[in-house]
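Let me begin by presenting the structure, written as structure tokens, before commenting on it.
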Amino acid sequence: MSTERKIEHSQNFIRHPKLVSQLLELTNISTTDLVIEIGPGKGMITQELAKTAGRVIAIERDRRFSEGLSEINGLSNFQLVIGDFMQWQLPREDYKVFSNIPFNYTSDIVSKLTTSDRKPTDIYLIMQETASHRFIGTPYEKNSQISTLLSIEFSIEILQKINRDNFEPRPNVSIVFTHFAKRSVPLVSIVNHQDFRDFVIYGYNQWSPTVIDAFRKVFTNRQRTIITRSINLTGLKPSDLNIEQWIELYNTYCRYVDEDKKNLVRGSEKRLSKNQSKLTKQHRTRKPFGQK
61 MSTERKIEHS QNFIRHPKLV SQLLELTNIS TTDLVIEIGP GKGMITQELA KTAGRVIAIE
121 RDRRFSEGLS EINGLSNFQL VIGDFMQWQL PREDYKVFSN IPFNYTSDIV SKLTTSDRKP
181 TDIYLIMQET ASHRFIGTPY EKNSQISTLL SIEFSIEILQ KINRDNFEPR PNVSIVFTHF
241 AKRSVPLVSI VNHQDFRDFV IYGYNQWSPT VIDAFRKVFT NRQRTIITRS INLTGLKPSD
301 LNIEQWIELY NTYCRYVDED KKNLVRGSEK RLSKNQSKLT KQHRTRKPFG QK
């Protein structure tokens with residue numbers, strides 16, 4: 061398959077501007093806002109965004125679409141950037157995101173937007189329903205490492221399901237319009253943000269039957285017994301905990317665990333990222349089965 065064909069079929073384009081207008085009505089985007097669009101493609105969303113937002117910056121890496129966007133490019137409140145969004149520096153000023161993203165880049169895009177020190181105030185994304193459920197966790201599915209970490213700074217909800225017939229090519233998965241609203245006050249203080257992330261990541265990656273077992277090297281036997289009763293963690297897996305329980309467990313860890321044991325937890329996110337990078341590299345360099 062050629063590179064052009066891969067790019068073309070990694071994104072499902074909206075067919076009707078009326079749908080874009082309807083989706084924009086569900087947002088809080090106004091004429092005072094700077095809005096970033098990732099992958100404008102043929103410009104269907106871009107044209108409607110330019111009518112609603114104060115300024116629009118669209119980042120498109122496929123130069124084939126730049127000519128089609130030339131008419132929109134003449135608008136005083138629109139700027140087209142040709143390049144890879146993953147390499148693009150996010151604005152220092154307040155901004156929002158509205159985009160029909162390529163589905164195979166969903167995790168990377170959400171990760172960049174939600175872990176940067178330049179996070180948007182609002183993120184509106186058209187994405188696969190399964191991905192949206194994974195980011196939200198309960199009530200759609202069990203909580204996960206990603207849904208727990210996201211909930212520290214973002215409140216996430218599905219605003220609308222979108223009929224597959226509204227896209228070209230028609231996707232074979234269910235599509236939803238999802239809103240990530242940045243909390244005015246994070247659930248964990250900025251000072252403890254990375255420490256809490258390390259704590260959650262450590263708990264999820266011990267592969268233990270219960271969350272208390274996951275921290276058996278961190279908490280003493282007596283501490284684990286008291287915690288299990290006080291926070292009601294009996295038999296619960298890490299994915300069974302809601303964000304309030306994670307925070308309560310973390311606060312107990314901060315108050316009572318010795319510094320040497322805290323070092324087991326610190327740096328967990330960096331270690332996980334390093335291990336994942338190694339696995340990705342091995343996968344890319346591995347020869348196909350049967351090839352010498």
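Count along the sequence shown from 1, add 60, and you get the number used in this note's numbering. A virtual CB, placed ideally from N, CA and C, is assigned to each residue, including glycine. Treat the numbers as computed from the prediction; the structure is a model and nothing was measured.
Kindly indicate the opening and closing residues of the beta strand (DSSP E) around residue i.
| i | result |
| --- | --- |
| R115 | R115 to E120 |
| I142 | F138 to I142 |
| T238 | I235 to K242 |
| F259 | Run containing F259: none in the beta strand (DSSP E); it sits in the alpha helix (DSSP H), H253 to Y264. |
| Q188 | D182 to Q188 |
| K172 | That residue, K172, is in no beta strand (DSSP E); its alpha helix (DSSP H) goes T166 to T175. |
| V157 | K156 to N160 |
Could you compute how far the alpha carbon of residue i sits from the alpha carbon of residue j?
| i | j | result |
| --- | --- | --- |
| R243 | I216 | 10 Å |
| T87 | T181 | 12 Å |
| S290 | Y264 | 21 Å |
| R194 | I186 | 14 Å |
| P231 | Q82 | 20 Å |
| N292 | F275 | 15 Å |
| E131 | D144 | 22 Å |
| Q305 | K202 | 14 Å |
| P151 | Q283 | 45 Å |
| D168 | M146 | 8 Å |
| D154 | I286 | 44 Å |
| N252 | R123 | 42 Å |
| I250 | G128 | 43 Å |
| S337 | I161 | 24 Å |
| I183 | T238 | 8 Å |
| T92 | N137 | 11 Å |
| Q139 | K179 | 20 Å |
| I22 | N323 | In this structure the chain extends from 61 to 352, so residue 22 is not present and cannot be described. |
| L209 | S171 | 11 Å |
| V325 | V317 | 11 Å |
| Q351 | Y165 | Unreliable positioning characterises Q351 in this predicted model, as indicated by a pLDDT of 46, which lies under 50. The coordinate reading is nonetheless provided below. Near 30 Å, if we compare the C-alpha coordinates of Y165 and Q351. |
Given residue i, which residues of its chain have a CB within under 8 Å of its CB, disregarding the five upstream and five downstream residues?
| i | result |
| --- | --- |
| V141 | I117, A118, I119, E120 and W148 |
| W227 | Before going on, a small fix: residue 227 reads as Phe here, not Trp. Answer for F227: N72, F73, I74, R75 and I235, listed in chain order. |
| S211 | G197, L247 and I303 |
| E329 | Q254, R257, D258 and I261 |
| F163 | S70, Q71, N72, M187, Q188, A191, P231 and V233 |
| E97 | I105, T106, L109, V116, I117, A118, I119, V157, F158 and S159 |
| S90 | T112, A113 and G114 |
| P77 | M104, Q107 and E108 |
| G327 | D258 |
| K334 | none |
Taking DSSP's pairing of strands, which residues face residue i in a bridge?
| i | result |
| --- | --- |
| F73 | E228 |
| L94 | R115 |
| I222 | I235 |
| S215 | A241 |
Taking residue i as part of the alpha helix (DSSP H), name the residues at either end of that continuous run.
| i | result |
| --- | --- |
| M104 | M104 to T112 |
| T288 | N281 to S290 |
| K297 | Here K297 belongs to no alpha helix (DSSP H), and DSSP marks it neither H nor E. |
| T312 | I303 to Y316 |
| Q205 | Q205 to L210 |
| N323 | E319 to V325 |
| V271 | V271 to A274 |
| N133 | S130 to N133 |
Near residue i, what residues of its chain come up, given a Cβ to Cβ distance below 7 Å and the 5 sequence neighbours on each side ignored?
| i | result |
| --- | --- |
| F214 | T174, F240, A241, K242 and R243 |
| T270 | G295, L296 and K297 |
| L84 | E108 and T112 |
| L332 | I261 and N265 |
| S204 | R194, G197 and S299 |
Spatial neighbours of residue i within its chain, please: C-beta separation below 6 Å, excluding the five flanking residues on both sides.
| i | result |
| --- | --- |
| S62 | With a pLDDT of 39 at S62, under the threshold of 50, the modelled position of that residue is not reliable, and the figure given next carries that caveat. Contacts found: none. |
| K321 | V278 |
| S268 | A274 |
| L94 | R115 and Y155 |
| I272 | R284, T288 and L293 |
Checklist entry - So, do the segment 271-280 and the segment 312-319 have three or more beta carbon pairs nearer to each other than 8 Å? => result yes
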